[in-house]
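These notes are about the structure you will find just below.
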Amino acid sequence: MDEPTDRDLAAKAAAGETAAFDVLVERWQGRVFRLVHRFFRNPADAEDVAQDVFVKVWRAVGGYRGVAPFEHWLLRIATHACYDALRQRRRRSETVLAQLAEDPGRWLDAALLGASLEAARAEDARRVAANLLEALHPKDRVVLVLMDLEGMSTEDVAKATGSTRGAVKIRAMRARRALRRLAESVPRRT
Amino acid sequence: MDCRAFLEALGRGRDAGPLPVELRQHAESCRSCGLELRTRRLLALGSHVSAEAPRAGFAGRLRARLQAEVRPAEWYDAIGRMARPAFGLAAAAALLTVGLYSAVPSGAGPDDLTFLAERDPVGSLLLSGSPIDVLAPAERAPR
């Protein structure tokens with residue numbers, strides 16, 4: 322027997338069939354969690370945001386018409402949820418750099434240069450890098466992650482963010498410039 | 004290694020794992036490529052995914068959360084269902100009052116009273132100040 326399509330499952334979920342919604346969750350939880358985890362380093366935080374995404378999906382599934390692929394619709398909700406959560410925890414890069422202890426700063430610098438690090442030091446470097454990325458504008462960060470790490474095209478990013486291709490290109494250019502400034506601000510210690 | 008080859012090699016790897024020696028050497032000798040490397044790796048390091056999937060039981064926890072959110076909504080719905088007819092009646096009464104009020108001629112007060120006194124038997128009795136006459140049979144009421 323053929324697997325039910327996302328569109329069929331969404332229609333049933335909209336009619337109140339929780340079993341159909343459960344299938345959608347099982348099918349897409351990994352995709353949503355991995356995307357959210359890009360922005361929220363702590364897996365527990367990532368799971369909270371991923372759950373928010375599916376709560377929003379449950380509430381809004383009646384509005385899914387099945388014209389576009391379900392994944393696009395889902396990612397749109399997910400990117401907006403990430404954007405909202407990132408906005409709440411944004412901080413200044415100067416603050417992060419000022420609080421940067423000597424050793425983690427050194428590990429970060431070494432990791433940025435592509436050096437091989439012990440697991441604990443690599444983890445320190447990732448933590449500091451994640452803290453620094455919180456200084457980026459949430460919209461900049463979303464576009465950078467979707468394009469440069471998830472490998473999405475400009476068109477797909479435009480659909481996922483509810484924007485236009487032109488706006489995404491401009492946002493990506495500005496975001497890369499902001500990221501470059503951030504990378505330049507990391508003190509060189511090696 | 005030239006800058007083009009460096010950037011192509013950098014573009015192929017999206018993770019932030021250790022870099023081959025020749026790439027590191029080029030990044031150290033070329034300022035522009037070095038900055039490009041640091042920029043890309045900062046994003047990759049800070050966006051590192053340490054777990055590929057949520058903890059087991061994600062769907063169950065989500066279901067519990069949805070049920071917890073749905074219950075109050077149903078409770079409010081039930082109140083809404085009960086209150087809806089009452090609100091409907093109140094709205095109808097308000098509309099009727101407004102309608103009757105606007106149907107009465109809105110001229111000067113004394114004119115309205117004159118109209119009642121002359122044309123409406125009940126109104127004229129009320130204006131006469133004798134409630135007993137109002138309660139009396141209609142045929143005894145003065146015309």
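Residue numbers (my numbering), protein chains in the order written: chain A, 322 to 511; chain B, 4 to 146. Note that beta-carbon positions come from the ideal geometry of N, C-alpha and C, so glycine has one too. Keep in mind it's a predicted model, so treat the numbers as computed, not measured.
Buried/exposed call for residue i, threshold 16 Cβ in 10 Å
| i | result |
| --- | --- |
| residue 90(B) | exposed |
| residue 363(A) | exposed |
| residue 55(B) | exposed |
| residue 100(B) | exposed |
| residue 51(B) | buried |
| residue 326(A) | exposed |
| residue 144(B) | Residue confidence for residue 144(B) is low, a pLDDT of 48 falling below 50, so the modelled location carries little weight; the figure read from the coordinates is stated next. It counts as exposed. |
| residue 43(B) | buried |
| residue 445(A) | buried |
| residue 36(B) | buried |
| residue 74(B) | The predicted model places residue 74(B) with a pLDDT of 48, which falls under 50 and marks its position as unreliable; any figure quoted below should be read in that light. Residue 74(B) comes out exposed. |
| residue 365(A) | exposed |
| residue 485(A) | exposed |
| residue 425(A) | buried |
| residue 2(B) | Nothing about residue 2(B) can be reported from this structure: the residues present for chain B run from 4 to 146 only. |
| residue 85(B) | exposed |
| residue 500(A) | buried |
| residue 502(A) | exposed |
Distance cut-off 6 angstroms: residue i Cβ against heavy atoms of the ligand NAD
| i | result |
| --- | --- |
| residue 123(B) | Because no ligand of any kind appears in the structure shown, any question about the ligand NAD cannot be addressed here. |
Residues that residue i contacts on chain E, provided the C-beta gap is smaller than 9 angstroms
| i | result |
| --- | --- |
| residue 27(B) | Considering every chain present, this structure includes no chain E. Its protein chains are A and B. |
Nearest candidate by alpha-carbon position, reference residue i, set the options
| i | options | result |
| --- | --- | --- |
| residue 416(A) | 479(A), 443(A), 454(A) | 454(A) |
| residue 3(B) | 376(A), 390(A), 337(A) | No statement about residue 3(B) is possible, as the shown extent of chain B runs from 4 to 146 and does not include it. |
| residue 354(A) | 409(A), 420(A), 395(A) | 395(A) |
| residue 464(A) | 495(A), 391(A), 425(A) | 495(A) |
| residue 506(A) | 369(A), 471(A), 429(A), 386(A) | 429(A) |
| residue 13(B) | 378(A), 435(A), 404(A) | 435(A) |
| residue 391(A) | 349(A), 460(A), 372(A) | 349(A) |
| residue 368(A) | 48(B), 38(B), 49(B), 60(B) | 60(B) |
| residue 497(A) | 483(A), 477(A), 458(A), 480(A) | 458(A) |
| residue 46(B) | 473(A), 452(A), 337(A), 379(A) | 452(A) |
| residue 63(B) | 344(A), 387(A), 381(A), 360(A) | 344(A) |
| residue 48(B) | 328(A), 440(A), 447(A) | 447(A) |
| residue 373(A) | 352(A), 402(A), 387(A) | 402(A) |
Residue i in three-state terms, based on DSSP
| i | result |
| --- | --- |
| residue 50(B) | coil |
| residue 455(A) | coil |
| residue 60(B) | coil |
| residue 326(A) | coil |
| residue 121(B) | helix |
| residue 10(B) | helix |
| residue 366(A) | helix |
| residue 87(B) | helix |
| residue 74(B) | Annotation note: pLDDT 48 at residue 74(B) (below 50); position unreliable, no value reported. |
| residue 36(B) | helix |
| residue 436(A) | coil |
| residue 447(A) | helix |
| residue 425(A) | helix |
| residue 102(B) | helix |
| residue 420(A) | coil |
| residue 15(B) | helix |
| residue 442(A) | helix |
| residue 55(B) | coil |
| residue 461(A) | helix |
| residue 66(B) | helix |
| residue 41(B) | helix |
**Report entry** Whole alpha helix (DSSP H) elements within the region 463 to 507 of chain A, 4-residue minimum
**Finding:** 475 to 482, 486 to 506
Report task. List in chain order: all unbroken alpha helix (DSSP H) runs of 4+ residues lying wholly within the region 377 to 413 of chain A. Result -> 391 to 409
Requested in this report: Scan the region 326 to 361 of chain A and note each continuous alpha helix (DSSP H) run of 4 residues or more that stays entirely inside, going in chain order.
Outcome: 327 to 335, 339 to 360
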